[in-house]
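Here the structure is laid out as structure tokens; the discussion comes afterwards.
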Amino acid sequence: MKPLPEDRPVVGIALGGGGARGIPHLGVLRVLEREGIPIDLVAGTSIGALVGGAYAAGFSAEEMCAEALALGKIQRIATFFDWWPSLSGQSGRQVTNYLQTYIGMNRIFSELALPLTVMAVDMTSGRSVALREGYVVEAQRASMSVPGVFKPVEIGKMRLVDGGILNNVPADVARKMGADVVVAVDVMPAIGAGLLTHTAEEMTQSRGMSFVTPVVQDLWETLVVVMANNTERILAEAKTDVLIRPDIPDSVSLFMGFHRVAELIEIGEKATTAVLPKIRAAIERAKKA
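Using my numbering, the first residue of the sequence shown is number 1221, and each one after it goes up by one.
As structure tokens, this is what we get:
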């Protein structure tokens, strides 16, 4: 793992959760890479852990965009779900198999190119957990275990689910990892926008999404409110230097929108280009601190 720089400010990025709404993360990284703005460490939750983990593993933004465009074909995404899940939820086996192929089956955190922290929630203790050792894919799967959809991932005595419940945009974690400049990306909708408002009927009528019951929809809507309030508090406490909130259509939700990869990447690029002056200014301030 590459050590943190000592001759310039350390730049960290916190990538938030949000399912298909997290695809703009790729556009964010593409612009930062193209503009020569370094990323020295990564903290991610859920889809942010997936994207951030791949970036920390050494994949370039361009490579990740190409992979996402290939996965964006509806038939590829469909293979990630159990057609007949048990009442306890999706096993996530297909997602795990894909990540093990892409990231590496036995890849551990210390083997990554950049420091990475993945957020999850331990249902046993009820606490937020920062995963930064052990198998990367195992941590990513835990961070993506959406309640009501995927089964919890067991690591030791912990039963881990989606980290977004308590820390969806881990800017505070990026700061604690050593970042002098923290860039945070929040892809969730504003409170009241309705995460599933425009897609609930489409999802429940889809064979591949038959596990999304009205009860699960209500659960997610409740979690969105909790997550949004937690996110605002965490961003403030972390003294986030630059916050990026891509203008994502309401029709893109947790599981709907993966076929719109090119559009969503462009949305991430546009949002990042708009704040480039703020990012450069934050780096300059950190140099003088």
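Positions of the beta carbon are idealized from the N, C-alpha and C atoms, including for glycine.
The continuous alpha helix (DSSP H) containing D1392 extends over residues A1391 to K1396. Residue pairing by DSSP places L1235 opposite G1264 and V1405 in a beta bridge. Note: E1374 is bridge-paired with R1379 in the DSSP secondary-structure output. Beta bridge pairing from DSSP links A1448 with no other residue. In the three-state reduction of the DSSP assignment, I1487 falls in the helix class, which pools H, G and I.
Within the model, the alpha-carbon separation for L1380 versus M1364 is close to 9 Å.
Following the DSSP letters along the chain, one finds A1286 in no beta strand (DSSP E) but inside the alpha helix (DSSP H) bounded by residues A1281 to L1291. In the DSSP assignment, L1463 forms a beta bridge with A1404. By the criterion of a C-beta distance shorter than 8 Å, E1255 is surrounded in its chain by L1496, once the five residues flanking it on both sides are discounted. Taking a cut-off of 8 Å on C-beta distances, the region 1333-1341 touches the region 1276-1295, as three or more cross pairs fall below it. Separation of I1454 and A1482 (C-alpha to C-alpha, rounded to the nearest whole angstrom) is 30 Å. Note that the C-beta distance between I1267 and G1232 is not below 8 Å. The DSSP-derived three-state label of I1454 is helix. Here DSSP, grouped into helix, strand and coil, assigns V1435 to helix.
Counting C-beta atoms within 10 angstroms of its own C-beta, T1451 has 16 or more neighbours from the protein chains shown and is therefore classed as buried. For I1257, the three-state secondary structure derived from DSSP is coil.
In the DSSP annotation of this structure, the continuous segment of the alpha helix (DSSP H) that includes R1361 starts and ends at V1356 to S1363. Going by beta carbons, I1487 and I1468 fall inside the 8 Å limit. Residues I1257, V1403 and V1462 of the same chain have their beta carbon placed closer than 7 Å to that of I1499, with the five preceding and five following residues left out of the count. Looking at the backbone, the Cα of V1230 and that of V1435 are separated by about 44 Å.
Residues of the same chain with a CB within less than 6 Å of the CB of A1263, apart from the 5 flanking positions on each side, are A1234, T1337, P1390, V1393 and A1394 in chain order.
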